[in-house]
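If you read the sequences in order, they're chains A and B. According to our numbering, the residues represented by the first sequence are 199 to 338, in order. According to our numbering, the residues represented by the second sequence are 6 to 130, in order. All C-beta atoms in this analysis are idealised placements derived from N, C-alpha and C, irrespective of residue type, glycine included.
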Amino acid sequence: MTSPQGLHLKTIILILIMVSVAPLGDTFLGKGMKQVGALGSWAPASLFHFFFRAFTSGTIWIGIGLLLTFFVAYLLVLSWADYSYVLPASSISSLMIALLAHFVLHETVTPTRWAGVGFICVGVFAVGRTQPRTTEHRSC
Amino acid sequence: MLKAAILYFLIVVPGTAGEICMSHTMKTVGEVVDFRPHSIALAIGRAMKLRSFWIGILMMATGFFALLGMLSVAKVSFVFPATALSYAVGTLGGRLFLGERVTPQRWFGVLMVCIGVALVAIGKG
Numbered sequence: 199m200t201s202p203q204g205l206h207l208k209t210i211i212l213i214l215i216m217v218s219v220a221p222l223g224d225t226f227l228g229k230g231m232k233q234v235g236a237l238g239s240w241a242p243a244s245l246f247h248f249f250f251r252a253f254t255s256g257t258i259w260i261g262i263g264l265l266l267t268f269f270v271a272y273l274l275v276l277s278w279a280d281y282s283y284v285l286p287a288s289s290i291s292s293l294m295i296a297l298l299a300h301f302v303l304h305e306t307v308t309p310t311r312w313a314g315v316g317f318i319c320v321g322v323f324a325v326g327r328t329q330p331r332t333t334e335h336r337s338c
Numbered sequence: 006m007l008k009a010a011i012l013y014f015l016i017v018v019p020g021t022a023g024e025i026c027m028s029h030t031m032k033t034v035g036e037v038v039d040f041r042p043h044s045i046a047l048a049i050g051r052a053m054k055l056r057s058f059w060i061g062i063l064m065m066a067t068g069f070f071a072l073l074g075m076l077s078v079a080k081v082s083f084v085f086p087a088t089a090l091s092y093a094v095g096t097l098g099g100r101l102f103l104g105e106r107v108t109p110q111r112w113f114g115v116l117m118v119c120i121g122v123a124l125v126a127i128g129k130g
């Protein structure tokens, strides 16, 4: 078992890793999917071609690599922290996504959407001030 | 519109259920206290021996493919914040299925996230 301070610290570090790599991965995926184009129909042949184009895109594979890094950090933090803590706390990545979308993808992010991201940040702050673990666990 | 609604449902419901399965799996494995690469690999290896891990992966994969489809029809800065509704569903799932104690402050945080989600959806240009 880790001390409460140590628990808080390692939870914050892992969540910081998660929110750093996940938006980058999402942005690469977003860019890759725009290159792939819209899903035309739900017909099997159309679906096959859609996923074939997606999985032969280097941009999408970089996104997948970054999201795998996120996934390992996510599994580790869930080994001790509450899911109901990690999930909202990690939504701070919404801020990074909006920033990346604005500055990298050059999408228009309206003031209302920025306000929404602001509320999400307030929510993350409130959740971040609660105890990361409320159930009993064992160490491995 | 219907296509986007179906994709949105597939992102939120199976995606969140998969994450709850994954949380249950990692709690079963136990707290990781050694962060050397081989120790991390061992912990993940132990998780992979559990059925709940693979059920979680299957459900999360459903959510992931729905996300890929959604990204092809909507802007990335809309899709990801909009899927934040899954945070409220996930918190409820953590309370009901994992026995986590969700304090009023944590619920307040989740409420703020939900308002944020609504604003992001309204602000879709």
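Residue i - DSSP class collapsed to helix/strand/coil
i, result
"GLU36 of chain B", "strand"
"TRP240 of chain A", "coil"
"LYS80 of chain B", "coil"
"PRO330 of chain A", "coil"
"GLU24 of chain B", "helix"
"LYS54 of chain B", "coil"
"VAL325 of chain A", "helix"
"HIS247 of chain A", "helix"
"ALA287 of chain A", "helix"
"SER91 of chain B", "helix"
"GLY339 of chain A", "Beyond the ends of chain A as shown, which are 199 and 338, falls residue 339 of chain A; an answer cannot be given."
"LEU303 of chain A", "coil"
"MET117 of chain B", "helix"
"GLY134 of chain B", "Only positions 6 to 130 of chain B appear in the structure, and residue 134 of chain B is not among them; the question remains open."
"ALA66 of chain B", "helix"
"MET6 of chain B", "coil"
"ALA279 of chain A", "coil"
Test item: CB-CB of residue i and residue j under 8 Å
i, j, result
"VAL270 of chain A", "ILE45 of chain B", "yes"
"GLY23 of chain B", "MET65 of chain B", "yes"
"ARG331 of chain A", "GLN110 of chain B", "no"
"VAL315 of chain A", "GLY114 of chain B", "no"
"ILE16 of chain B", "GLY68 of chain B", "yes"
"VAL107 of chain B", "SER282 of chain A", "yes"
"ILE295 of chain A", "ASP224 of chain A", "yes"
"VAL284 of chain A", "MET117 of chain B", "no"
"PHE226 of chain A", "LEU264 of chain A", "yes"
"VAL275 of chain A", "LEU212 of chain A", "yes"
Contact belief for residue i with residue j at Cβ below 8 Å, rounded distance in angstroms
i, j, result
"ARG311 of chain A", "LEU103 of chain B", "ARG311 of chain A to LEU103 of chain B, Cβ: 32 Å. No contact."
"VAL37 of chain B", "ALA52 of chain B", "Between ALA52 of chain B and VAL37 of chain B the Cβ distance is about 10 Å, and since that is not below 8 Å, they are no contact."
Which residues of the stretch 60 to 82 of chain B have a Cβ closer than 7 Å to any Cβ of chain A? Give them in chain order. LEU73, GLY74, LEU76, SER77, VAL78, LYS80, VAL81, SER82
Just by C-beta distance, which residues in the stretch 87 to 105 of chain B are closer than 7 Å to chain A? ALA89, TYR92, GLY95, THR96, GLY99, ARG100, LEU103, GLY104, GLU105
Within 9 Å of chain B by C-beta, residues of the stretch 312 to 329 of chain A in sequence order: TRP312, ALA313, GLY314, VAL315, GLY316, PHE317, ILE318, CYS319, VAL320, GLY321, VAL322, PHE323, ALA324, VAL325, GLY326, ARG327, THR328, GLN329
Along the stretch 222 to 236 of chain A, where does the CB come closer than 9 Å to a CB of chain B? Name the residues. ASP224, THR225, LEU227, GLY228, LYS229, GLY230, MET231, LYS232, VAL234, GLY235, ALA236
Taking only beta carbons into account, state which residues of the stretch 30 to 45 of chain B come closer than 7 Å to chain A, listed in chain order. MET31, LYS32, VAL34, GLY35, GLU36, VAL37, VAL38, ILE45
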